[in-house]
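Here's the structure we're looking at; comments come further down.
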Amino acid sequence: MRGETTMTGRFWGPVRDTAQGDGTWHFRLWGPSAGQVDLLTGDGSCPMQRDDAVLWQTSVPAFPGQTYLFRVDGQDIPDPASRLQAAGVNGSSVLVDMPAPRPWPGRPWSQAAICQLHVGCFTPEGTFAAAADRLPGLAALGLTAIQLMPVGQFAGDRGWGYDGVLPYAPHPAYGSPGDLRRLVQAAHDCGMMVILDLVMNHFGPEGAWMHVAAPEFFDPARHTPWGAAIDFDQPAVRDFWMGCAMHWLEGYGIDGLRLDAVHQMRGPGAQVFLTDLAAQVARLTPARHLITEDERNIPDLREAGHDAALNDDFHHAVHVALTGETDSYYAPFADDPVGDLALALSRGHVLEGQDRPGGPPRGAPCGHLPPTAFVNAIQTHDQIGNRALGERLLTLADPQAVRVAYGLLLAAPFIPMIFMGEERGDTAPFQFFADFDGDLAQAVRKGRAAEFPDIARRGDTVPDPIDPATMDRSRLTWAEDAHACDWMALTRRALAFRAAHVVPLLDSGQPTTTVTREGPGLIRALWQFPGGALALSLALGQPDPTPLPDPDLCVGQPGSPFSLTMKALQ
Numbered sequence: 024m025r026g027e028t029t030m031t032g033r034f035w036g037p038v039r040d041t042a043q044g045d046g047t048w049h050f051r052l053w054g055p056s057a058g059q060v061d062l063l064t065g066d067g068s069c070p071m072q073r074d075d076a077v078l079w080q081t082s083v084p085a086f087p088g089q090t091y092l093f094r095v096d097g098q099d100i101p102d103p104a105s106r107l108q109a110a111g112v113n114g115s116s117v118l119v120d121m122p123a124p125r126p127w128p129g130r131p132w133s134q135a136a137i138c139q140l141h142v143g144c145f146t147p148e149g150t151f152a153a154a155a156d157r158l159p160g161l162a163a164l165g166l167t168a169i170q171l172m173p174v175g176q177f178a179g180d181r182g183w184g185y186d187g188v189l190p191y192a193p194h195p196a197y198g199s200p201g202d203l204r205r206l207v208q209a210a211h212d213c214g215m216m217v218i219l220d221l222v223m224n225h226f227g228p229e230g231a232w233m234h235v236a237a238p239e240f241f242d243p244a245r246h247t248p249w250g251a252a253i254d255f256d257q258p259a260v261r262d263f264w265m266g267c268a269m270h271w272l273e274g275y276g277i278d279g280l281r282l283d284a285v286h287q288m289r290g291p292g293a294q295v296f297l298t299d300l301a302a303q304v305a306r307l308t309p310a311r312h313l314i315t316e317d318e319r320n321i322p323d324l325r326e327a328g329h330d331a332a333l334n335d336d337f338h339h340a341v342h343v344a345l346t347g348e349t350d351s352y353y354a355p356f357a358d359d360p361v362g363d364l365a366l367a368l369s370r371g372h373v374l375e376g377q378d379r380p381g382g383p384p385r386g387a388p389c390g391h392l393p394p395t396a397f398v399n400a401i402q403t404h405d406q407i408g409n410r411a412l413g414e415r416l417l418t419l420a421d422p423q424a425v426r427v428a429y430g431l432l433l434a435a436p437f438i439p440m441i442f443m444g445e446e447r448g449d450t451a452p453f454q455f456f457a458d459f460d461g462d463l464a465q466a467v468r469k470g471r472a473a474e475f476p477d478i479a480r481r482g483d484t485v486p487d488p489i490d491p492a493t494m495d496r497s498r499l500t501w502a503e504d505a506h507a508c509d510w511m512a513l514t515r516r517a518l519a520f521r522a523a524h525v526v527p528l529l530d531s532g533q534p535t536t537t538v539t540r541e542g543p544g545l546i547r548a549l550w551q552f553p554g555g556a557l558a559l560s561l562a563l564g565q566p567d568p569t570p571l572p573d574p575d576l577c578v579g580q581p582g583s584p585f586s587l588t589m590k591a592l593q
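Quick note on the numbering used here: the sequence shown kicks off at 24 and runs consecutively.
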């Protein structure tokens, strides 16, 4: 592996021959173990030729909108790098003309204030077009980015997107490639970035024809919790995923990628790929951004050019402090969640390899990284949807405590991410749902119920993930009542403080941070940046006897058990 780099665009996908100008398209498929591959179009069957790199290819006259399939040793399959499907994950692929995205200048990462959303549940219509119509309202609150849960095509209509099998093709239940392109343009028109959640560590259980096209794409010695592991030691595998990333970034003008569960991308080739991806992205104009989901809590990828990692430690400390829940992955935070929150404000991650109760050591020191290297949240699709009933934090904890934690999230000098509806105080659940048939549907039902064996004793039932009503319950309400207006006012106020005071400090350089614990529920923090300082006083369950005087931001009543005061200092 040493010295190898990741190629892009050699092994996969249809390519239009623009040089010839005669309507010729080149078709390619990596199939090391295939004995015969044919291209099937409306004009019939065309044998594909194999070269020494086990690449099958042919060139034929074609046109945008034309359907095609590959026949691999007698089995008809869609193109694993299909840009569009005619009907479902098992049907024909469609040639797509990809016009260049409209230029826009982008935004620096320090300005990111992210709203994570599921396209299907964000609006009643559940489409790219309907989501685009809602973006001006988010931008008016001060949010500067949306993060789409995966939109690569998966089986059925309903799902979270993490069981995708055609990662280049937009999911048709949400709309067409043109609809997604218009969503990106609408976001840019509002001054908002678009970040896409991209799953490169596994394929879903239905419609994963890659197993037929190229079994060598997978590592037979290893499985992820969700399916067969990807073998990144194969150059063609790295080529597939590099092409996929660039397809979304350059083809659609998307501003960044959230890379799902990179800790499940293993082997020397995975590290080569992730390093090369950062290098490729760094060459793009305008600037694009990379966020990793990495439960290892290590700095390596951020030191190699990735902008940030999701910081579950911040979420867990806040959640345990507000709810008292200490089971499962909350166990390491059970002893002193407020102290852990203080550590998160000081160093970013809490778990940095030290011995702690509730589990084995995990992580490595990351306190040298800039605050912008940590994406903090108090609610995400995972932390809500992986509960048995999908409850939001507002239904689990003191509402005033949640408001204070929310203000802290938005105003602290890290990168904040909220979950759709959080800006309005929405209490609609976000539950796990899917759209499978037959034995697979039954297996998903049984598996989901088995995750929560104690729920029946509480008198509850795990929602049926296959029932369409489960997704319907998970849609935002878009209420316009006093409660929603109050939460939107808080969002607007906290993000205005962030834009005016926090972002300029982040742009000035690395801070020196001092965080002190002044009582069971009291935290004080001072971030001293080259361009000024930021002071914080936080009360979580204990009245603050000395809140900051004349604060620039105040959430909660000073002197009450739950309050936050913050002030920018020269």
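Even for Gly, the Cβ is constructed at its ideal location relative to N, Cα and C.
Requested in this report: Please confirm whether any heavy atom of the ligand SAM lies closer than 7 Å to the CB of G532.
Outcome: With respect to the ligand SAM, the structure shown offers nothing to examine, as it has no ligands at all.
Requested in this report: Out of M288, A302, A284, D335, state which residue places its alpha-carbon closest to the alpha-carbon of E316.
Outcome: A284
Query raised in the report: Which one of A591, P258, F240, A396 has the shortest CA to CA distance from A252?
Result: F240
Query raised in the report: What's the C-alpha gap between T500 and V188?
Result: 30 Å
Query raised in the report: Could you give the C-beta distance for D622 and M172, rounded to a whole number, given that I count them as a contact under 8 Å?
Result: No answer is possible for residue 622: the residues shown for the chain start at 24 and end at 593.
Query raised in the report: Using DSSP with H/G/I as helix, E/B as strand and the rest coil, what is R515?
Result: helix
Query raised in the report: What is the DSSP secondary structure of M494, counted as helix, strand or coil?
Result: helix
Requested in this report: Mind checking which residues open and close the alpha helix (DSSP H) that includes F459?
Outcome: That residue, F459, is in no alpha helix (DSSP H); it is neither H nor E in DSSP.
**Report entry** DSSP state of R245 mapped onto helix, strand, coil
**Finding:** strand
**Report entry** Unbroken stretches of the beta strand (DSSP E), 3 residues or longer, contained in the segment 40-68
**Finding:** 47-53, 60-64
Query raised in the report: When the Cα atoms are used, what is the spatial distance from L297 to A109?
Result: 32 Å
Query raised in the report: Given that a residue counts as buried once 16 or more other Cβ atoms are within 10 Å of its Cβ, and exposed if not, what is H246?
Result: exposed
Report task. Assign W550 to one of three DSSP states: helix, strand, or coil. Result -> strand
Query raised in the report: For T349, which residues from the same chain have a beta carbon less than 7 Å from its beta carbon, with the 5 sequence-adjacent residues on both sides left out?
Result: V343, A357
Requested in this report: Could you tell me whether the Cβ atoms of L319 and R370 are closer together than 8 Å?
Outcome: Note on identity: in this sequence residue 319 is Arg, with Leu being the wrong assignment. It is not a contact, given that the beta carbons lie outside the stated cut-off.
Query raised in the report: Which residues mark the beginning and the end of the alpha helix (DSSP H) in which A196 is found?
Result: Taken as a continuous stretch (DSSP letters only), A196 belongs to no alpha helix (DSSP H), as it is neither H nor E.
Query raised in the report: When you compare only the Cα positions, how much space is there between A512 and W183?
Result: 30 Å
Report task. Just the C-alpha distance for P193 and D262, rounded to the nearest angstrom, thanks. Result -> 20 Å
Report task. Determine, using beta-carbon pairs with one atom in the segment 210-217 and one in the segment 85-96, whether at least three such pairs fall under 8 Å. Result -> no
Requested in this report: Please report how far the alpha carbon of F453 lies from the alpha carbon of M494, in whole angstroms.
Outcome: 8 Å
Query raised in the report: Which whole-angstrom value is the C-beta distance of Y197 and T150, which I expect to be below 8 Å?
Result: 6 Å
Query - Inter-residue spacing [alpha-carbon to alpha-carbon] between E273 and H211 - result: 15 Å
Query - Own chain partners of P574 with C-beta closer than 7 Å, once the 5 adjacent residues on each side are dropped - result: T588, M589, K590
Query raised in the report: Since G279 and H234 are thought to touch, with beta carbons under 8 Å apart, how far apart are those beta carbons, to the nearest angstrom?
Result: The Cβ separation is near 30 Å, so there is no contact.
Requested in this report: Spell out the partners DSSP gives G187 in its beta bridges.
Outcome: F177
Query raised in the report: If you follow the beta strand (DSSP E) that T90 is part of, which residue opens it and which one closes it?
Result: 90-95
Query raised in the report: Ordered along the chain, which non-local residues of its own chain (more than five positions away) have a Cβ less than 7 Å from that of I596?
Result: Since the first residue shown for the chain is 24 and the last is 593, residue 596 is missing from the structure and cannot be characterised.
Query - Candidates T81, D102, V119, of which the one nearest V112 by Cα - result: D102
Report task. In angstroms with no decimal places, state the Cα-to-Cα distance between G179 and A466. Result -> 16 Å
Query raised in the report: So which of A420, D421, P486 has the shortest CA-CA distance to L412?
Result: P486
Query raised in the report: So M589 is in the beta strand (DSSP E); what residue range does that whole segment cover?
Result: 585-592
Query - Opposing strand residues paired with Q139 [DSSP bridges] - result: Q170, F442
Query raised in the report: Would DSSP call S351 helix, strand or coil?
Result: helix
Query - Host beta strand (DSSP E) of L20 (start-end) - result: Shown here, the chain extends from 24 to 593; a query on residue 20 therefore has no answer.
Query raised in the report: Relative to the C-alpha of A332, which residue among A310, R125, A396 is closest?
Result: A396
Requested in this report: Leaving out five residues on either side along the sequence, give the residues of the same chain with a beta carbon under 8 Å from the beta carbon of P248.
Outcome: Q287
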